[in-house]
Amino acid sequence: MRILLLISLFSLASTPAFTQSTEGLGKGEELPTLYEMTAHSQLVIAGKVISGEVKLAQVQVDEVFRGQAKLG
Numbered sequence: 218m219r220i221l222l223l224i225s226l227f228s229l230a231s232t233p234a235f236t237q238s239t240e241g242l243g244k245g246e247e248l249p250t251l252y253e254m255t256a257h258s259q260l261v262i263a264g265k266v267i268s269g270e271v272k273l274a275q276v277q278v279d280e281v282f283r284g285q286a287k288l289g
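Counting from 218, one number per residue, gives the positions in the sequence shown under this note's numbering.
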């Protein structure tokens with residue numbers, strides 16, 4: 218469950234980065250994997266969504282893997 222939440226939060230946080238990283242794809246090139254996108258992310262956390270969705274979600278941060286975020 219925690220891994221699924223981490224992946225969901227990462228997906229929401231990295232949407233702009235994913236869009237930028239796929240803009241220059243040529244024909245026949247593959248999309249970056251989740252591992253590759255995580256490697257370039259500035260913020261990676263584990264947490265719980267309190268309210269909202271996508272860009273306006275309020276998240277309770279349980280653990281910070283990369284970047285700076287306040288716990289709680």
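We put the CB at the ideal spot given by N, CA and C, even for glycine.
Collapsed DSSP secondary structure at residue i in the structure displayed
{"i": "A263", "result": "strand"}
{"i": "E280", "result": "strand"}
{"i": "S268", "result": "strand"}
Residue i versus residue j - alpha carbon distance
{"i": "K287", "j": "M254", "result": "23 Å"}
{"i": "R283", "j": "Y252", "result": "14 Å"}
{"i": "Q259", "j": "Q285", "result": "9 Å"}
{"i": "G245", "j": "S228", "result": "24 Å"}
{"i": "K272", "j": "P249", "result": "21 Å"}
{"i": "G269", "j": "G243", "result": "35 Å"}
N-terminal and C-terminal residue of the alpha helix (DSSP H) that residue i is part of
{"i": "M286", "result": "Contrary to the premise, residue 286 reads as Ala rather than Met in this sequence. From DSSP, A286 is part of no alpha helix (DSSP H); its letter is neither H nor E."}
{"i": "E253", "result": "251 to 256"}
Test item: CB-CB of residue i and residue j under 8 Å
{"i": "I262", "j": "V278", "result": "yes"}
Cβ separation of residue i and residue j, assumed to be a contact under 8 Å, to the nearest whole Å
{"i": "K265", "j": "V281", "result": "Rounded, the Cβ-Cβ distance is 14 Å, inconsistent with contact."}
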